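Novice: Shown below is the structure under consideration.
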Amino acid sequence: MESFFKRFLRQKGSVFLWAFLLVLPPIFILSQAIFSPDIAFLWPDSAASWIRYPTPLSTMTRRYVDQGEFQKDFFIENEKKEQVSIHLKAFRSAELWVNDFPVPLEFSQNWKEGGRGPISPWLKQGANTIRVIVHNPLGPALLWVKVEGLDLPVKTDETWKVRYQTRPYVQAALADDTITNPDSRKFPTPLQSLYRKWVSLLSIFGLSIVVFSAAPLLRKIGKREYLTRIVPLAIFGAWVYLFAEKMVKIDLNIGFDIGYHLEYILFIVKNQRIPMPTEGWSMFHPPFFYFLSAGFLQMIGSLFSWENPFPFLKIIPFLCGIGNVWVSYFLLRLFFQDDRSRILVGILLAGLIPMNIYISAYVGNEPLHAFLIGLSLLACARILRSPEVRCRSMILLGVLLSLALLTKVTAFAVVPVVAIFLLYKLIRVLPSRPGAVVARLGLFLLTLAAIAGWYYARNMIYFGSPFIINWNLPGRVWWQDPGFHTLSYYFGFGQSLQHPYFSGFHSFWDSIYSTFWGDGYLAGEAFLSGRHPFWNYDYMSVVYLLALPATGFLLIGLVQGIRLAFRGKEWNSRVSWAFFVITLYAIFAFFLYGTLKVPVYGQAKAFYLLSAMAPITVFGALGLGVVRDWLASPRLMVVRALFYGWLGTLFTSIYLSFAG
Numbered sequence: 025m026e027s028f029f030k031r032f033l034r035q036k037g038s039v040f041l042w043a044f045l046l047v048l049p050p051i052f053i054l055s056q057a058i059f060s061p062d063i064a065f066l067w068p069d070s071a072a073s074w075i076r077y078p079t080p081l082s083t084m085t086r087r088y089v090d091q092g093e094f095q096k097d098f099f100i101e102n103e104k105k106e107q108v109s110i111h112l113k114a115f116r117s118a119e120l121w122v123n124d125f126p127v128p129l130e131f132s133q134n135w136k137e138g139g140r141g142p143i144s145p146w147l148k149q150g151a152n153t154i155r156v157i158v159h160n161p162l163g164p165a166l167l168w169v170k171v172e173g174l175d176l177p178v179k180t181d182e183t184w185k186v187r188y189q190t191r192p193y194v195q196a197a198l199a200d201d202t203i204t205n206p207d208s209r210k211f212p213t214p215l216q217s218l219y220r221k222w223v224s225l226l227s228i229f230g231l232s233i234v235v236f237s238a239a240p241l242l243r244k245i246g247k248r249e250y251l252t253r254i255v256p257l258a259i260f261g262a263w264v265y266l267f268a269e270k271m272v273k274i275d276l277n278i279g280f281d282i283g284y285h286l287e288y289i290l291f292i293v294k295n296q297r298i299p300m301p302t303e304g305w306s307m308f309h310p311p312f313f314y315f316l317s318a319g320f321l322q323m324i325g326s327l328f329s330w331e332n333p334f335p336f337l338k339i340i341p342f343l344c345g346i347g348n349v350w351v352s353y354f355l356l357r358l359f360f361q362d363d364r365s366r367i368l369v370g371i372l373l374a375g376l377i378p379m380n381i382y383i384s385a386y387v388g389n390e391p392l393h394a395f396l397i398g399l400s401l402l403a404c405a406r407i408l409r410s411p412e413v414r415c416r417s418m419i420l421l422g423v424l425l426s427l428a429l430l431t432k433v434t435a436f437a438v439v440p441v442v443a444i445f446l447l448y449k450l451i452r453v454l455p456s457r458p459g460a461v462v463a464r465l466g467l468f469l470l471t472l473a474a475i476a477g478w479y480y481a482r483n484m485i486y487f488g489s490p491f492i493i494n495w496n497l498p499g500r501v502w503w504q505d506p507g508f509h510t511l512s513y514y515f516g517f518g519q520s521l522q523h524p525y526f527s528g529f530h531s532f533w534d535s536i537y538s539t540f541w542g543d544g545y546l547a548g549e550a551f552l553s554g555r556h557p558f559w560n561y562d563y564m565s566v567v568y569l570l571a572l573p574a575t576g577f578l579l580i581g582l583v584q585g586i587r588l589a590f591r592g593k594e595w596n597s598r599v600s601w602a603f604f605v606i607t608l609y610a611i612f613a614f615f616l617y618g619t620l621k622v623p624v625y626g627q628a629k630a631f632y633l634l635s636a637m638a639p640i641t642v643f644g645a646l647g648l649g650v651v652r653d654w655l656a657s658p659r660l661m662v663v664r665a666l667f668y669g670w671l672g673t674l675f676t677s678i679y680l681s682f683a684g
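Note that the sequence shown covers residues 25 to 684 in this note's numbering.
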């Protein structure tokens, strides 16, 4: 056993680990997208097009079974002697008529395969009609048809007619999930906002050059180390100001799915128990945040005599949001021990990541979940960088990750990564003690099962699955646009730089970009008119332009992190970098799969990636540090000044987006 551990560690361990963790998720996601009937993904097919009824775009929930009646008229000049067949796919069920005769087509249980069969017995020389009625309880009624054996091709395209229920027939539309939300055009563009604010932005740009240029002077007089203490305190003070002046003034009923979050909390307060997933719209979520909020609400109500203690529910998301900043700070110190510049720019980035700021202003479970995941990553990174693995460290990590599992199911993206890296570390530290390896890893897993296992076991007993979402709960029929996805949605980008608000309706990457660098979905409001007045949308719009280079620097940091995972000087450093790379990758893969599993426009919000804030901050600091090193030459002094001017303008504009 000892020799096996050593061979695995020295010869095959790293290759196996990277191959398994990197290759498996995309293979799984791609296979699900192409073959699984549970994933509403339309793979491109040149033989025909998916078509639908041209329903106007809506941000509202649709609580009905969609139906479309499709019709195609075509002409057969000569009597057909050879077999004419049809291949029909419907999202999700269909009935076929040819010349008003029902055709008993046998459909596969997988709607992506559809049904095939002959239709020659129902055809005639002259005019013919194919009519298909499609029903779909979880999305729009979509149709794909190809008829083979005719002189002229008959396939679904925009020449087909379609009607909804008893409405008149209209021209069919191609199934497109990259439609623009009309409300996005009602905002000033980022360029227009830049023009409005150019005087203040130019002043900030010049002042930023002066401030950043003073850093070398502080180093010469031996005062630079004080910045690593002052800046985190300044960030903390800036957050407290935001909370007192802005966040608490935002109406409690504003926020993403806020009514359902409050319903969950009040259910626990009233019934003194944790609800079943079927008892409310958002009650499929794990209960820890709602249990904590209900307890806090009852404590405030019993200690004080306020008539309306509900605004105090904002304290938990706020504390978790600022907690995310402090977790990032301690991780920056762990990864960049001797590089104060990277620590400083990293803590500024952590304190000013827009998605962490705005989501912490609304009542919801995301900040707490991200805080617990961040603490878990910090605890695991310390284990990976320490010379030994203590049992109490494993228990602490198990407790933190268990609470994260009881806050949101996204934590399951992190659990296998943590377990694999812990195993890898234990084999490294205890190569001759396989029993100790199993015992310590078992202690971690046992902690998870003891604290969080009951909730997922309950779901398994009552619903047959540990993971419950409100997309397909028993007795609940609902869907939102688009109800399906295509490759165009996942490969498009650009609207967020022109019309950022609601640009997530156009593409996956626009959705991420617009909700990472600003409140791109306007606190979950369905219409522009519902936005609250406490953010400065001119500065927020400018940030979308200024943040484009920053996004590139984040990617540079990620590439550099991958390089350090392979070429770092010490094993502990290499494995901790690899851990952060794989963790970010796993969270993103889980997030991507979620957008396929629940194909609604609001599913691709960047703050669903908030649990990856710590790795994002570390890679951001790493990337900005790489750029700083590139510009270190005295000959690039002007370029370096422009870089610092841009960086200071970006950070200041982000803060003014919320404080201005």
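Built from N, CA and C at the ideal position, the CB exists for glycine as well.
Keep in mind it's a predicted model, so treat the numbers as computed, not measured.
Thinking residue 16 and residue 634 are a contact (beta carbons under 8 Å), I'd like their distance in whole angstroms, please.
Specialist: Here the chain comprises residues numbered 25 to 684, so residue 16 is not present and cannot be evaluated.
Novice: Which residue from 639, 164, 617 puts its Cα closest to that of residue 48?
Specialist: Considering only alpha carbons, the answer is 617.
Novice: Give the single residue among 567, 672, 510 whose Cα lies nearest to the Cα of residue 54.
Specialist: Answer by Cα proximity: 510.
Novice: Counting only runs of 3+ residues fully inside the stretch 139 to 164, write out the beta strand (DSSP E) ranges in chain order.
Specialist: If we require 3 residues or more, the beta strand (DSSP E) runs fully inside the stretch 139 to 164 come out as 139 to 142, 150 to 160.
Novice: On a CA-only basis, which of 296, 596, 528, 217 is nearest residue 203? Give me that one, please.
Specialist: It is 528.
Novice: Pick helix, strand or coil for residue 449, following the three-state DSSP scheme.
Specialist: Of the three classes helix, strand and coil, the one that applies to residue 449 here is helix, per DSSP.
Novice: Under a three-way DSSP split, which group does residue 125 fall into?
Specialist: In the structure shown, residue 125 sits in a strand (DSSP, three-state: E or B).
Novice: Can a CB atom of chain D be found closer than 8 Å to the CB of residue 411?
Specialist: The chain labelled as chain D is not found in the depicted structure, where only one protein chain is given.
Novice: Between the Cα of residue 80 and those of 580, 232, 398, 504, spot the shortest distance and give me the residue it belongs to.
Specialist: Closest option to residue 80, Cα to Cα, is 504.
Novice: Can the beta-carbon of residue 532 be found closer than 8 Å to that of residue 628?
Specialist: Against a cut-off of 8 Å, the Cβ pair of residue 628 and residue 532 comes out as a contact.
Novice: Out of 51, 541, 519, point me to the one whose CA is closest to residue 534's CA.
Specialist: Checked all of 51, 541, 519; the closest Cα to residue 534 is 519.
Novice: When the Cα atoms are used, what is the spatial distance from residue 160 to residue 63?
Specialist: Residue 160 and residue 63: Cα-Cα distance of roughly 14 Å.
Novice: Have a look at the DSSP bridge pairing and note the partners of residue 91.
Specialist: Residue 91 pairs with 159.
Novice: For the beta strand (DSSP E) containing residue 169, list its first residue and its last residue.
Specialist: Taken as a continuous stretch (DSSP letters only), the beta strand (DSSP E) holding residue 169 covers 166 to 172.
Novice: Taking one C-beta from the stretch 598 to 607 and one from the stretch 433 to 449 each time, how about it: are there three or more such pairs within less than 8 Å?
Specialist: The stretch 598 to 607 is in contact with the stretch 433 to 449.
Novice: Answer with buried or exposed for residue 541, where buried requires no fewer than 16 other C-beta atoms within 10 angstroms of its C-beta.
Specialist: Buried: at least 16 other Cβ atoms inside 10 Å.
Novice: What do you reckon, are the CB atoms on residue 72 and residue 168 nearer than 8 Å?
Specialist: Against a cut-off of 8 Å, the Cβ pair of residue 168 and residue 72 comes out as a contact.
Novice: Apart from the five residues on each side of it in sequence, which residues of its chain come closer than 7 Å, Cβ to Cβ, to residue 33?
Specialist: Residue placement at residue 33 cannot be trusted, given a pLDDT of 49 that sits under 50; what the coordinates show is reported in the next sentence. Here the set comprises 451, 452, 455.
Novice: For residue 539, which of 377, 254, 157 has the nearest alpha-carbon?
Specialist: Nearest C-alpha to residue 539: 377.
Novice: Can you pull the DSSP bridge partners for residue 76?
Specialist: 166, 197, per the DSSP bridge assignment.
Novice: Thinking residue 578 and residue 640 are a contact (beta carbons under 8 Å), I'd like their distance in whole angstroms, please.
Specialist: With a Cβ gap of about 7 Å, residue 578 and residue 640 count as contacting.
Novice: Are there 16 or more other CB atoms within 10 angstroms of the CB of residue 97, so buried, or fewer, so exposed?
Specialist: With fewer than 16 Cβ atoms within 10 Å of its Cβ, residue 97 is classed as exposed.
Novice: Just reading off the alpha helix (DSSP H) that residue 187 is part of, what are its end residues?
Specialist: Note, residue 187: premise wrong, no alpha helix (DSSP H); beta strand (DSSP E) at 185 to 187.
Novice: Could you give the residue range of the alpha helix (DSSP H) that holds residue 113?
Specialist: Segment 109 to 115 is the beta strand (DSSP E) holding residue 113; no alpha helix (DSSP H) there.
Novice: Note down the Cα distance separating residue 648 from residue 586, rounded to an integer number of angstroms.
Specialist: So the two alpha carbons sit approximately 16 Å from each other.
Novice: How far does the alpha helix (DSSP H) with residue 340 in it extend, from its first residue to its last?
Specialist: Run containing residue 340: 339 to 359, per the alpha helix (DSSP H) assignment.
Novice: State the start and end residues of the unbroken alpha helix (DSSP H) segment that holds residue 260.
Specialist: That run of the alpha helix (DSSP H) goes 251 to 269.
Novice: Run through DSSP, which three-state label would residue 503 get?
Specialist: Strand, per DSSP.
Novice: State whether the stretch 335 to 354 contacts the stretch 215 to 235, with contact taken as three or more CB pairs (one from each stretch) at a distance under 8 Å.
Specialist: Counting Cβ pairs under 8 Å, fewer than three are found: no touch.
Novice: Got a sec, what are the start and stop residues for the alpha helix (DSSP H) residue 391 sits in?
Specialist: Note, residue 391: alpha helix (DSSP H), 390 to 409.
Novice: Contact defined as beta carbons within less than 8 Å: I believe residue 100 pairs with residue 149. What is the distance between those atoms, to the nearest angstrom?
Specialist: Contact flag correct, Cβ pair sits at about 5 Å.
Novice: Would you list, in sequence order, the uninterrupted alpha helix (DSSP H) runs of no fewer than 4 residues that lie entirely inside the stretch 641 to 678?
Specialist: Listed in chain order, there is nothing to give.
Novice: Round the Cβ separation of residue 681 and residue 563 to the nearest angstrom and send it over; I've been treating them as touching at under 8 Å.
Specialist: Between residue 563 and residue 681 the Cβ distance is about 4 Å, and since that is below 8 Å, they are a contact.
Novice: Counting only the same chain and skipping the five closest in sequence on each side, list residues whose C-beta sits under 7 Å from that of residue 260.
Specialist: Once the five neighbours on either side are set aside, the close Cβ partners of residue 260 are 346.
Novice: For residue 424, is the classification buried or exposed, using 16 other Cβ atoms within 10 angstroms of its Cβ as the cut-off for buried?
Specialist: The residue is buried, with at least 16 neighbouring Cβ atoms inside 10 Å.
Novice: According to DSSP, is residue 221 part of a helix, a strand, or is it coil?
Specialist: The answer is coil: DSSP assigns residue 221 none of H, G, I, E or B.
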